[in-house]
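Student:
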Amino acid sequence: MISIERAEKIAAAIELPDWVLRMSASLMYSCFGPFVDAFERSVKMYCSAQYAFVESWMHAHAHPFAKRLPYLNPWHGVASILAYLCLILAFRVLCPFLSKLSCRSLGLVHNLGLHLLSLYMCLGLLISARAAGYSLWNNAAGTSPAEWRIAKLIWLFYVSKVVEWLDTVIMLLKQNHHQVTFLHVYHHSTIFVLWWLATLAAPAGESYYSAMVNSGVHVVMYGYYFLTLLFPTGSIRNVLNRFKFVITKGQMWQFFFNCLQSAYDLVWVPRENLKYSPALLQLLLWYMISLLALFGNFLVKSKKKPLRHHHVDAATASAAKRDRAAKS
Numbered sequence: 249m250i251s252i253e254r255a256e257k258i259a260a261a262i263e264l265p266d267w268v269l270r271m272s273a274s275l276m277y278s279c280f281g282p283f284v285d286a287f288e289r290s291v292k293m294y295c296s297a298q299y300a301f302v303e304s305w306m307h308a309h310a311h312p313f314a315k316r317l318p319y320l321n322p323w324h325g326v327a328s329i330l331a332y333l334c335l336i337l338a339f340r341v342l343c344p345f346l347s348k349l350s351c352r353s354l355g356l357v358h359n360l361g362l363h364l365l366s367l368y369m370c371l372g373l374l375i376s377a378r379a380a381g382y383s384l385w386n387n388a389a390g391t392s393p394a395e396w397r398i399a400k401l402i403w404l405f406y407v408s409k410v411v412e413w414l415d416t417v418i419m420l421l422k423q424n425h426h427q428v429t430f431l432h433v434y435h436h437s438t439i440f441v442l443w444w445l446a447t448l449a450a451p452a453g454e455s456y457y458s459a460m461v462n463s464g465v466h467v468v469m470y471g472y473y474f475l476t477l478l479f480p481t482g483s484i485r486n487v488l489n490r491f492k493f494v495i496t497k498g499q500m501w502q503f504f505f506n507c508l509q510s511a512y513d514l515v516w517v518p519r520e521n522l523k524y525s526p527a528l529l530q531l532l533l534w535y536m537i538s539l540l541a542l543f544g545n546f547l548v549k550s551k552k553k554p555l556r557h558h559h560v561d562a563a564t565a566s567a568a569k570r571d572r573a574a575k576s
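When you line the sequence shown up against the numbering used here, it's residues 249 to 576, in that order.
#1: Relative to the C-alpha of Lys553, which residue among Ile329, Phe493, Phe339 is closest?
#2: Tell me which residues share the same chain as Leu371 and place their Cβ nearer than 8 Å to its Cβ, disregarding the 5 neighbours each side in the sequence.
#3: Assuming contact is defined by CB atoms lying nearer than 8 Å, are Phe430 and Lys409 in contact in what I supplied?
#4: Indicate the three-state DSSP secondary structure (helix, strand or coil) for His426 in the structure shown.
#5: State buried or exposed for Thr481, treating a residue as buried only when at least 16 other CB atoms are found within 10 Å of its CB.
#6: Checking contacts by CB at 8 Å: is Ser296 closer than that to chain B?
#7: Mind the definition here: the region 394-413 touches the region 338-345 only if three or more C-beta pairs lie below 8 Å; say whether that holds.
#8: Apart from the five residues on each side of it in sequence, which residues of its chain come closer than 8 Å, Cβ to Cβ, to Ser251?
#9: Counting beta carbon pairs with one atom in the region 512-525 and one in the region 543-553, are three or more of them shorter than 8 Å?
#10: Looking only at its own chain, which residues have a Cβ that is under 7 Å from the Cβ of Tyr382, when we skip the five neighbours before and after it?
#11: Going by DSSP in three states, Glu256 sits in which element: helix, strand or coil?
#12: Nearest by alpha-carbon distance to Val461: which of Leu522, His435, Trp516, Met500 is it?
#13: If Leu477 and Asn359 are in contact, beta carbons under 8 Å, what's the gap, nearest whole angstrom?
#14: Is it the case that the Cβ atoms of Ile398 and Leu373 are separated by a distance below 8 Å?
#15: What did DSSP end up calling Glu303 once you bin it into helix, strand or coil?
#16: How about Lys255 and Ala389: do their beta carbons lie closer than 8 Å?
#17: Given Asn386, which residues of its chain have a CB within under 8 Å of its CB, disregarding the five upstream and five downstream residues?
In structure tokens:
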């Protein structure tokens with residue numbers, strides 16, 4: 249393990265610059281600001297009590313770093329989720345009138361970009377956590393300069409959940425509607441909400457671990473997707489096909505270790521010594537359990553499909569053989 253001093257030097261060298269946050273805020277507002285502001289005004293006008301409650305809760309629970317991180321307005325987040333869900337619904341309705349697209353070039357750029365971004369976030373969080381003197385678990389979300397580095401990476405991880413919505417768009421453009429399942433939509437929409445909450449209330453401390461592990465899994469996952477697009481056929485693709493279920497199992501192991509983290513903090517650590525928000529840890533625990541159940545169900549069903557196809561193919565081949573024998 250590298251020393252804290254060396255980790256500090258590396259973390260400073262690869263730190264996400266503050267100007268990236270300012271530029272991102274300016275770019276996002278110039279593109280979507282008028283629409284989300286109109287949505288916020290509508291909520292304030294027609295749901296004034298709910299609006300006041302959310303604003304009051306935010307002021308009471310926001311971390312000091314939240315003021316320096318863009319895209320944490322809750323109404324902007326709600327507008328984003330609604331836009332994502334409406335986009336899926338619109339594609340469903342317009343599907344009969346749209347042409348099927350391959351999206352190979354878009355998929356290559358998207359998957360390679362998220363592969364590299366995930367690699368940066370995973371290594372950045374690992375090194376920055378070491379520089380901040382973190383232990384594996386039970387870390388407080390402090391306000392030191394070292395933790396500001398972590399907060400920026402947590403914010404980048406949160407924003408990357410929006411970029412990952414392009415997964416869904418590509419599936420819809422290719423008209424692979426069977427891939428846009430309840431699990432897919434649930435995972436992509438709720439993970440955004442969870443990380444909005446973590447980035448707002450505690451963008452350091454224990455949140456580093458979940459973001460780091462998830463980014464590590466995504467390094468493999470998006471690298472795999474990139475290679476399957478790069479090699480659609482041939483011997484390399486045959487090798488890649490063997491790793492299809494490894495990706496899902498890797499995600500499930502990630503959920504298990506996140507559950508273990510939450511259980512350790514909530515059960516083994518005395519409450520007076522717990523340094524992170526117990527409410528966020530409880531939310532993480534139950535959310536990870538839900539994903540474990542859904543991904544486990546998906547894995548079982550997916551593994552059954554080839555077996556059914558194999559039996560059908562074998563039966564068809566047997567029938568064809570009998571027909572040829574009868575004709576001869």
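For each residue, glycine too, the CB sits at the ideal point set by N, CA and C.
Tutor: Taking the geometry as given:
#1: The residue labelled residue 553 in the question sits at position 305 within the sequence shown. Ranking the options by Cα distance to Lys553, first place goes to Phe493.
#2: Position 123 of the sequence shown holds residue 371. So the qualifying residues of the chain are Ile262.
#3: As a position in the sequence shown, residue 430 is number 182, starting the count at 1. As a position in the sequence shown, residue 409 is number 161, starting the count at 1. No. Outside cutoff.
#4: Residue 426 sits at position 178 when you count from the first residue of the sequence shown. Helix at His426.
#5: As a working note, residue 481 is residue 233 in the sequence shown. Exposed.
#6: Protein chains in the displayed structure number just one, and chain B is not present.
#7: Counting C-beta pairs with one atom in each stretch, the region 394-413 and the region 338-345 have fewer than three that are closer than 8 Å, which means they do not touch.
#8: Locating residue 251 in the sequence shown gives position 3, where the first residue counts as 1. Leaving aside the five residues that flank Ser251 on each side, none in its chain has a CB nearer than 8 Å to its CB.
#9: With contact defined as three or more Cβ pairs closer than 8 Å, the region 543-553 and the region 512-525 are not in contact.
#10: For the purposes of this step, residue 382 is identified with residue 134 of the sequence shown, where counting begins at 1. The residues are Tyr456.
#11: Counting from one through the sequence shown, the residue named residue 256 turns up at place 8. In this structure, Glu256 counts as helix in the three-state DSSP scheme.
#12: Here residue 461 refers to the residue found at position 213 of the sequence shown. Checking every option, the nearest Cα to that of Val461 belongs to Met500.
#13: Taking the first residue of the sequence shown as position 1, residue 477 is located at position 229. Taking the first residue of the sequence shown as position 1, residue 359 is located at position 111. Indeed they touch by this definition, with Cβ atoms about 7 Å apart.
#14: The sequence position of residue 398 within the sequence shown is 150, counting from 1. The sequence position of residue 373 within the sequence shown is 125, counting from 1. Yes, these two residues count as a Cβ contact at 8 Å.
#15: Within the sequence shown, numbered from 1, the residue matching residue 303 stands at position 55. Helix.
#16: Taking the sequence shown and counting its residues from 1, one reaches residue 255 at position 7. Taking the sequence shown and counting its residues from 1, one reaches residue 389 at position 141. First, the amino acid is wrong: residue 255 is Ala here, not Lys. No; because the gap between Cβ atoms is not below 8 Å, this pair is not in contact.
#17: Working through the sequence shown from its first residue, we reach residue 386 at position 138. Here the set comprises Glu454, Tyr512, Asp513, Val517, Asn521, Leu522, Lys523, Tyr524.
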